[in-house]
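Since the structure comes first, as structure tokens, the remarks are kept for the end.
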Amino acid sequence: MSEWRLRPHRHWAPCPGPVVTVVMDGVGIGRRDQGDAVWLARTPTLDRLEQGSWLPLIAHGTAMGLPSDSDMGNSEVGHNVLGAGRTFDQGALLVENAIESRRMFEGEAWRWIVGPPAGGTGALHFIGLLSDGNVHSHEDHLHAMLREARSVGCPRVYCHVLLDGRDVHPTSAHTYLQRLEAELALLSGDGFDYRVASGGGRMVTTMDRYEADWSIVERGWHAHVLGDARGFASAREAVETFRAEVPNVGDQRLPEFVVVDSASSEPVGRIQDGDSVVFFNFRGDRALEITRAFVEESFDGFDRVRYPAVRFAGMMQYDGDLALPPRYLVAPPEIAGTMGELLAESGLRQVACAETQKYGHVTYFWNGNRSGRFDPALEDYIEIASDRLPFDERPQMKAAEVTDAVIASLRRSPPPVFLRLNY
7 MSEWRLRPHR HWAPCPGPVV TVVMDGVGIG RRDQGDAVWL ARTPTLDRLE
57 QGSWLPLIAH GTAMGLPSDS DMGNSEVGHN VLGAGRTFDQ GALLVENAIE
107 SRRMFEGEAW RWIVGPPAGG TGALHFIGLL SDGNVHSHED HLHAMLREAR
157 SVGCPRVYCH VLLDGRDVHP TSAHTYLQRL EAELALLSGD GFDYRVASGG
207 GRMVTTMDRY EADWSIVERG WHAHVLGDAR GFASAREAVE TFRAEVPNVG
257 DQRLPEFVVV DSASSEPVGR IQDGDSVVFF NFRGDRALEI TRAFVEESFD
307 GFDRVRYPAV RFAGMMQYDG DLALPPRYLV APPEIAGTMG ELLAESGLRQ
357 VACAETQKYG HVTYFWNGNR SGRFDPALED YIEIASDRLP FDERPQMKAA
407 EVTDAVIASL RRSPPPVFLR LNY
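So our numbering is basically just the index in the sequence shown, starting at one, shifted up by 6.
Here is the structure:
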């Protein structure tokens, strides 16, 4: 339990509640011009609330524990800070510091990953989001690990790249692929083979979250592990072909693919027994399911067809309660004394409500990257099932259903003291 405690304030009378905290993802204070969708929209409730007491909060950069003020905020860091009431060094900064200080490469997990057989006959595989968005990953982290793998003598290294187009420009994949392929070319030769082996858009390949759609992870498994996807001579050829076939498609929705050998047409980098695998995203929500597929022997998310015996490590540990993955390169932030924990210790009832796509935001992230309840008798977590549709086809998502569930909770007798919800 936390050493923190809730105590009566000397100057404020106790609040009987209920208190409701509403997190509206994507809504903020903008430039108030023709490019500001929130300012242009009809928002009578927000307009009315603005007539009362309020103050702006910074939701990006160093105020959120990110490396610099040029780093945009995101759901993970925002809910961490809201739930804890304090700022912690977040994954992006922790990884950056671990690489610069070489603590990552001197750590037991990295030495285990690059040791025999990956340093001998086995291959080393890197899977993750290829961009510089710094929300789930950063390309610089991958490039640093590739160079280190080469310096310690890993002969065969394959990258399985998930294309972004969400935290960066929608069609910027070529930029990141060009930089990666240039790096791989420099590292190859003299008996070393470094190349891109597979990939796909992040919203259809590998990076599902909160078990919303296991088929996304299954498609990634088929591409990365089985080599079972449409084949191309290179990742850039795959991107160019898909864009020609489906005009206006963004990177995040490009289908899965594999890179094949020009002579044999066989995939160049299937994941095999004896290989090592690093999932290089530092953020946990979209990393946890593929992690489970690699480390759980009794796995039931989908039929893996083949389950290779590999050494697997995450960039960070994505769930401390479940100890997943058991091996990781950088220790995650230690967040204790969160609001949920303090309220539970004080015997106060609370409700957390969101749809599947946001459920972990008001539970796992809010509770300091903790997956369980602090006191099940006092905490009610309500999950509204999300639609399996692109957000642009149903932009309202499940806002109405979330609202109805919260109103129903408020009408209980007695009502909870604190409610948090996410739209």
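Quick reminder that beta carbons are idealized off the backbone N, C-alpha and C, glycines included.
For clarity, every value in this text was computed on a predicted model and none was experimentally measured.
Environment of residue i [buried if 16+ CB atoms lie within 10 Å]
i	result
C359	buried
D196	exposed
R259	buried
R117	exposed
T51	exposed
D279	exposed
N287	buried
H367	buried
R11	exposed
H15	exposed
M30	exposed
C21	exposed
D145	Contrary to the premise, residue 145 reads as Glu rather than Asp in this sequence. Classification for E145: buried.
E106	exposed
I35	exposed
S270	exposed
E63	Contrary to the premise, residue 63 reads as Leu rather than Glu in this sequence. The residue in question, L63, is exposed, as its Cβ has fewer than 16 Cβ neighbours within 10 Å.
S419	exposed
G159	exposed
R108	exposed
R13	exposed
G32	exposed
P338	buried
Q40	exposed
V252	exposed
G89	buried
A104	buried
Cross-strand partners of residue i (DSSP beta bridge)
i	result
S392	Answer by DSSP bridge pairing: none, since S392 is not bridged.
A360	E389
L263	According to the sequence shown, residue 263 is Phe rather than Leu. According to DSSP, which records beta bridges pairwise, F263 is partnered with G205, R236.
F286	Beta-bridge pairing links F286 to no other residue.
T27	R426
G322	The sequence shown places Met at residue 322, not Gly. Its beta-bridge partners are V336.
R317	S282
W273	A small correction: the amino acid at residue 273 is Pro; Trp does not occupy that position in the sequence shown. Per DSSP, V266.
L330	D325
Cut-off 8 Å between Cβ atoms - residues of its own chain near residue i, not counting five sequence neighbours on either side
i	result
L425	P24, V25, V26, T27, Q356, V357, A358, C359, V412, S415, L416
A266	The question names Ala, but residue 266 in the sequence shown is Val. Closer than 8 Å at Cβ, skipping near neighbours: G237, F238, A239, E272, P273, V274.
Beta-carbon gap between residue i and residue j smaller than 8 Å
i	j	result
S143	F371	no
L72	V83	yes
A115	A319	yes
N373	G353	no
I341	F132	no
G139	D173	yes
D393	R400	yes
L330	R298	yes
T362	E385	no
V301	M151	no
I277	P314	yes
A241	L183	yes
A203	V264	yes
D281	A406	no
W227	R310	yes
W45	R54	no
G113	L335	yes
Own chain partners of residue i with C-beta closer than 6 Å, once the 5 adjacent residues on each side are dropped
i	result
L190	Y200, R201
P382	none
A65	G79, G84
F308	W220, E224
E295	D214, V223
E154	F111
T369	A358, Y387
D77	G67, N140
P421	P24
R156	L193
K364	N428
Contact test: residue i Cβ vs the ligand ATP heavy atom, cutoff 7 Å
i	result
D306	Only the bare structure without any ligand can be found here, which leaves the ligand ATP out of the picture.
Own chain, CB closer than 7 Å to residue i, minus 5 neighbours either side, in chain order
i	result
F248	V255, L260, P261
D325	G290, L294, S377
R208	L135, L168, L169, D170, R172, Q258
A98	L72, P73, D77, N140, H144, F288
M70	G79, V83, G84, V87, T93, Q96
Go through the segment 130 to 218 residue by residue and report every complete run of the alpha helix (DSSP H) that reaches 4 residues or more, in order. If we require 4 residues or more, the alpha helix (DSSP H) runs fully inside the segment 130 to 218 come out as 145 to 157, 179 to 193.
Any chance you could list the beta strand (DSSP E) runs of at least 3 consecutive residues sitting entirely within the segment 96 to 129, in chain order? The segment 96 to 129 contains no complete beta strand (DSSP E) run of 3 or more residues.
Return the chain-ordered ranges of every alpha helix (DSSP H) run that is complete within the segment 35 to 64 and spans a minimum of 4 residues. Runs of the alpha helix (DSSP H) inside the segment 35 to 64: 43 to 46, 50 to 55.
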